[in-house]
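Undergrad: Sequential numbering of the sequence shown, starting at 5, is according to my numbering. Yeah, the Cβ is synthetic: ideal placement off N, Cα and C, and Gly gets one too. Model, not experiment: these values are computed from the prediction. Right, I'll just put the structure down here and ask away after.
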Amino acid sequence: MPGLGAYTGKPVGVLGLGRSGRALVRALLAHGAEPLLFDDDPATVRRAVAETGGRPGVPEEVARLALLVPSPGVPLTHPAPHPLIAAARAAGVPILGDIELFAATHPETRLVGVTGTNGKSTTTALIAHILAAAGL
């Protein structure tokens, strides 16, 4: 997959405007994309627009997106897909998570992902120790 520059001049939806969503908006703007900001909380959209310079999206624009990037907490399937996810699927809009997009646009980068509710710090410290001991 090409880098974020492949989205230059194209509308990319960012669904969920927490820390990672806002960082993605800034990265898309830096690569000349047209990020459209979506969140279930209108106040969050207003704050993110003011902070990032992106513009608010409206549901009717989903069908024209080159890509939709939902935040990790946005339901894709269960208990039901978020309405914007359903609209994007119906319109054939590609959907990639933020980490999936990063990995796809940086194939040279080796990643180790640590997820879950408990133990991430301990697991990350252990992985760092193992990698350092291996000379990586």
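Rounded to whole angstroms, what is the Cα-Cα separation between Arg26 and Thr56?
TA: Between the alpha carbons of Arg26 and Thr56 lies a gap of roughly 7 Å.
Undergrad: Touching or not, the segment 88-100 and the segment 115-127, by the rule of three or more beta carbon pairs under 8 Å?
TA: no
Undergrad: Identify every run of the alpha helix (DSSP H) within the segment 82-130, keeping only runs that are complete inside it and at least 4 residues long; order them along the chain.
TA: 87-95 and 102-109
Undergrad: Using alpha carbons as the reference points, say which of Arg68, Pro39 and Leu130 lies closest to Leu21.
TA: Pro39
Undergrad: Please name the residue in Phe106, Ala54 and Ala67 whose C-alpha comes closest to that of Ser24.
TA: Phe106
Undergrad: Going by DSSP, name the residue or residues bridged to Pro74.
TA: Leu19
Undergrad: From which residue to which residue does the alpha helix (DSSP H) around Pro46 run?
TA: Pro46 -> alpha helix (DSSP H) spans Pro46 to Thr56.
Undergrad: Taking the continuous beta strand (DSSP E) assigned at Leu41, which residues delimit it?
TA: Glu38 to Phe42
Undergrad: In this structure, how does DSSP classify Pro60 when only helix, strand and coil are distinguished?
TA: strand
Undergrad: By a C-beta neighbour count over all protein chains shown, 10 Å radius and 16 as the cutoff for buried, is Ala15 buried or exposed?
TA: In the sequence under discussion, the amino acid at residue 15 is Pro, which differs from the Ala named in the question. When all chains shown are included, Pro15 counts as buried.
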